[in-house]
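A.B. asks: Before I ask anything, here is the structure I am working with.
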Amino acid sequence: MSVIEQIKTSVAKAINQLYSIEVLDKDILLNTTKPEFEGDYTVVLFSFVKQLKKDPEALGNELGNYLLANNNNLFAEYNIIKGFFNLTISNKIWLHFLQEQSNNKSYGVALPTGNKVMVEYASPNTNKPLHLGHLRNIFLGWSIAEILKSNGNEVVKTCIVNDRGIHICKSMIAWKMFANGATPESTNTKGDHFVGDYYVKFNEVYKQQVDELIAKGMDEKQAEANAPIMKDTQQMLLDWEAGKPDVIGLWKKMNSWVYTGFDETYQKIGSDFDKTYYESNTYLLGKSLVEKGLEKNVFYKKEDGSVWIDLTQDGLDEKIVQRKDGTSVYITQDIGLAEQRYNEYKANESIYVIGDEQNYHMKVLKLICQKLQLPSADGIYHLSYGMVELPTGKMKSREGTVVDADDLIEEMINISKQKTEELGKVNDFSETELKELYNMIGLGALKFFLLRVDPKKKMIFNPEESIDFHGFTAPFIQYTHARIKSILRKNEVDNIINDTGLLKLEKEVIKQLELFPTALLEAAQEHDPSKLAIYIFNVAQLFNSFYAQHSIAQAENENKKNLRLHIAQLTAQVIKTGMKNLGIDVPERM
RNA sequence: GGUCCGGUAGCUCAGCUGAAUAGAGCAACAGCCUUCUAAGCUGUGGGUCAUUGGUUUGAAUCCAAUCCGGAUCACCA
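Numbering (the numbering used here) for the first sequence: 649 to 1238.
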């Protein structure tokens, strides 16, 4: 049980005993004590002062005496300032904690709970390469999966590839018209970029044709509908749906180019999936559910034969779930896929990492699943994240104003190379070791940059200002780790910690380390890796202050040295495990 | 127009289940390497927490209204 939980339980019990009122653990408002006051944790008494009509001073003293008398292992002393009841935890608790955990490689990781969670993320289109927005999505998905695993959940990572539809046909048409048979190999281009170039090409030509038609006197709408290249594309979609061999062949070929490109990127950033679904296989799903919904009167049929659901009672609108020609719409596919995934994996929770422009859609999806009483319905959680925008506005792949994922990754790695070379601390590294280190630092910086902020907030990325390597960043944390490792390489740790008392900073670091499982749990509960990122940063920052003030190797005596080595060891461990949960590796040297 | 999200230091962001003098990082300025890795540490300056009103012993935090920015409300996906 964490120290915080112990305090809450003790205080709640004390109040129950002393005043016979019903107080639960969660009613205890507990903060870390502000540095300018004496103590470790502070209970805010005001609500009890009011309830019990007692003077805070008197209440605090009665409580303090009771706590000291009945929990003498936990509390060392207390003081009361206004309504703030400051508790000092006894050093024995901290030392015991350190002794128990400093050698525990899996500190913070919970035992299996039997809970199963699916995390869906990435979900790219196969007509263009990945961009910065995808990276935010992928890093978030990966990280939340890791965090859930650390909290004892079994996790299935999944991806739904958007591999069909008009946008795919656009690239295909443009390739047919302009490529003269070129391939990624023949042009030495990464497959997803190769296909993406034709998507851009399509839009150029399309725009030109529309302009021409407008110049000939057509209005804009008509022009857009009548541009020859668009008509060809629509025909191609029909041919695809009809299964015309040459179209299907081209579709398969171009998609395979894209997948090869994606795989390269996924491998580079260290991401993978346990199961990939393809929309070309799932887009017809959900039909049986429409039937079921009609039977249950969840859905209703309009005169023209289209099927709808009325969500106005729930504050939403009417939504179509099946077209009059009997084909599924997007949301129906999603319902069908939700059912299919549940049948395959029986996960009781399903997290969708999808941008916040789909908030409404996801709300509707969950609601419909609930109304259909699908077993997966209540477990649906939309991990919504804000768009990544440029200072000039939104990224638009159609217009080519995107921050390309591969370019950005390469740039980050180059910067880390350059900085590492400037510092010259690892000149003895081999080529492979160096490459690994540059990747670790460059990708770490990028991942941390995207994960350290609240997912639901949109973020602005300025390509002109490169991502920082100082302060609240991954390299700062990685550096702290490397520095500790350097000390641990040079000094023997004795297993037994002797009680020599704790200096302020020694205790502060231990206190912070003790919060690790709490931070991991909070990140999981709130589906928010930024909580963990901030926690790890605080650990590193606090350790660095400690490090600057107190020598470890040259400590005042052997016992102090050993104590500090244990602190250093556990700090390194927490950083390593914590960063792993963000998908970031941490070097032994840098 | 309805719904949802956001507005905190020059910049990027924490804090938002109410509680002590609103915190970090970056940038600026001033210090600290003959001692464990200076990608570090210490300090200084920098705030009408969008605005107004309300609830409360106490509001950045809760409520209401207003202003600003964004998303969404497709027989697109």
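Even for Gly, the Cβ is constructed at its ideal location relative to N, Cα and C.
Bear in mind that the values here come from a model prediction, so they are computed numbers and not experimental data.
Where do the ends of the beta strand (DSSP E) carrying Ser834 lie?
C.D. replies: Unbroken run through Ser834 is the alpha helix (DSSP H), 832-835; no beta strand (DSSP E).
A.B. asks: Whole-angstrom Cβ separation of Val881 and Ile821, contact assumed at under 8 Å?
C.D. replies: Checking the sequence shown, residue 881 turns out to be Thr, not Val. The Cβ separation is near 5 Å, so the contact holds.
A.B. asks: Can Asn734 and Gly687 be called in contact, C-beta distance under 7 Å?
C.D. replies: Yes, they are a contact pair.
A.B. asks: Give the straight-line distance between the Cα atoms of Asn1139 and Ala1201, rounded to the nearest whole angstrom.
C.D. replies: When rounded, the distance between both Cα atoms is 7 Å.
A.B. asks: Opposite Phe694 in the DSSP bridges: which residues?
C.D. replies: Beta-bridge pairing links Phe694 to no other residue.
A.B. asks: Under 7 Å between the Cβ atoms of Gly1290 and Lys935?
C.D. replies: Given that the chain is displayed from residue 649 to residue 1238, the structure contains no residue 1290 and the question cannot be resolved.
A.B. asks: In angstroms, rounded to a whole number, what distance separates the CA positions of Ser771 and Gly1226?
C.D. replies: Whole-angstrom Cα-Cα distance: 26 Å.
A.B. asks: Would you identify the three-state DSSP class for His1198, choosing helix, strand or coil?
C.D. replies: His1198 falls in the coil class under three-state DSSP.
A.B. asks: Would you mind reading off the limits of the alpha helix (DSSP H) that contains Asn1207?
C.D. replies: Where Asn1207 is concerned, the enclosing alpha helix (DSSP H) stretches over 1206-1228.
A.B. asks: Along the chain, where does the beta strand (DSSP E) containing Asp867 start, and where does it finish?
C.D. replies: Run containing Asp867: none; DSSP gives neither H nor E here.
A.B. asks: Since Met1238 contacts Ala1130 with CB under 8 Å, what's their CB separation in whole angstroms?
C.D. replies: Contact holds; Cβ gap of about 4 Å.
A.B. asks: Find out if the Cβ-Cβ distance for the pair Phe910, Lys805 is shorter than 7 Å.
C.D. replies: Contact: no.
A.B. asks: If you draw a straight line from the C-alpha of Thr1068 to the C-alpha of Phe1077, how long is it?
C.D. replies: Their backbone Cα atoms lie some 11 Å apart in a straight line.
A.B. asks: Can you give, in chain order, each stretch of the beta strand (DSSP E) that sits fully within the segment 976-1057 and has at least 3 residues?
C.D. replies: The segment 976-1057 contains these whole beta strand (DSSP E) runs: 997-1003, 1028-1033.
A.B. asks: According to the Cβ coordinates, are Asn679 and Val671 closer than 7 Å?
C.D. replies: Contact: no.
A.B. asks: Closest by CA to Asn810, which one among Val659, Leu886, Leu707, Trp899?
C.D. replies: Nearest of Val659, Leu886, Leu707, Trp899 to Asn810, Cα basis: Trp899.
A.B. asks: If we ignore side chains and look at the alpha-carbon of each, how far apart do Lys1228 and Gln1221 end up?
C.D. replies: Whole-angstrom Cα-Cα distance: 11 Å.
A.B. asks: For Leu959, which of helix, strand or coil comes out of DSSP?
C.D. replies: If DSSP states are grouped into helix, strand and coil, Leu959 belongs with coil.
A.B. asks: Counting C-beta neighbours from all protein chains within 10 Å, is the total for Leu932 16 or more, i.e. buried, or is it exposed?
C.D. replies: Exposed is the call here.
A.B. asks: Give the range of the beta strand (DSSP E) segment to which Thr924 is assigned.
C.D. replies: Run containing Thr924: 923-926, per the beta strand (DSSP E) assignment.
A.B. asks: Taking DSSP as the reference, what is the three-state secondary structure of Ile1061?
C.D. replies: Helix.
A.B. asks: How about Leu1098 and Phe787: do their beta carbons lie closer than 7 Å?
C.D. replies: For Leu1098 and Phe787, yes; Cβs fall inside 7 Å.
A.B. asks: State the DSSP-derived secondary structure class of Thr736, mapped to helix, strand or coil.
C.D. replies: If DSSP states are grouped into helix, strand and coil, Thr736 belongs with the strands.
A.B. asks: With DSSP collapsed to three states, give me the class of His782.
C.D. replies: Three-state DSSP puts His782 in a helix.
A.B. asks: Quick one, are the C-beta atoms of Leu1013 and Asp982 less than 7 Å apart?
C.D. replies: For Leu1013 and Asp982, yes; Cβs fall inside 7 Å.
A.B. asks: How many Å lie between Ala1172 and Glu1070 at the Cα?
C.D. replies: Cα-Cα distance, rounded: 39 Å.
A.B. asks: So, with DSSP's three-state summary, where would you put Met878?
C.D. replies: Correct three-state label for Met878: helix.
A.B. asks: Just to confirm my understanding: we take Lys1042, look at its own chain, exclude 5 residues before and 5 after, and list those with CB closer than 7 Å. What are they?
C.D. replies: Within the same chain, Lys1042 has close Cβ partners Met1035.
A.B. asks: Can you name the start and end residues of the beta strand (DSSP E) that Ala724 belongs to?
C.D. replies: 723-729 is the extent of the beta strand (DSSP E) around Ala724.
A.B. asks: Just to confirm before moving on: does the CB-CB distance between Lys656 and Ile676 stay below 7 Å?
C.D. replies: In this structure, Ile676 lies closer than 7 Å to Lys656 by Cβ.
A.B. asks: Do Phe850 and Lys818 come within 7 Å of each other at the CB atom, strictly closer than that value?
C.D. replies: Yes; because the gap between Cβ atoms is below 7 Å, this pair is in contact.
A.B. asks: If you compare alpha carbons, which of His1175, Ala1122, His1198 is closest to Val1157?
C.D. replies: When only C-alpha atoms are compared, the closest one is His1198.
A.B. asks: What would DSSP say about Val804, mapped onto helix, strand or coil?
C.D. replies: The answer is strand: DSSP assigns Val804 an E or B state.
A.B. asks: Given this structure, state the Cα-to-Cα distance separating Thr980 from Thr690, to the nearest angstrom.
C.D. replies: Between Thr980 and Thr690, the C-alpha separation is close to 52 Å.
A.B. asks: DSSP three-state label for Glu860, please.
C.D. replies: Three-state DSSP puts Glu860 in a helix.
A.B. asks: Using only alpha-carbon positions, find the residue among Gly731, Ile669, Glu684, Lys740 that is nearest to Gly1149.
C.D. replies: Measuring from the Cα of Gly1149, the nearest candidate turns out to be Lys740.
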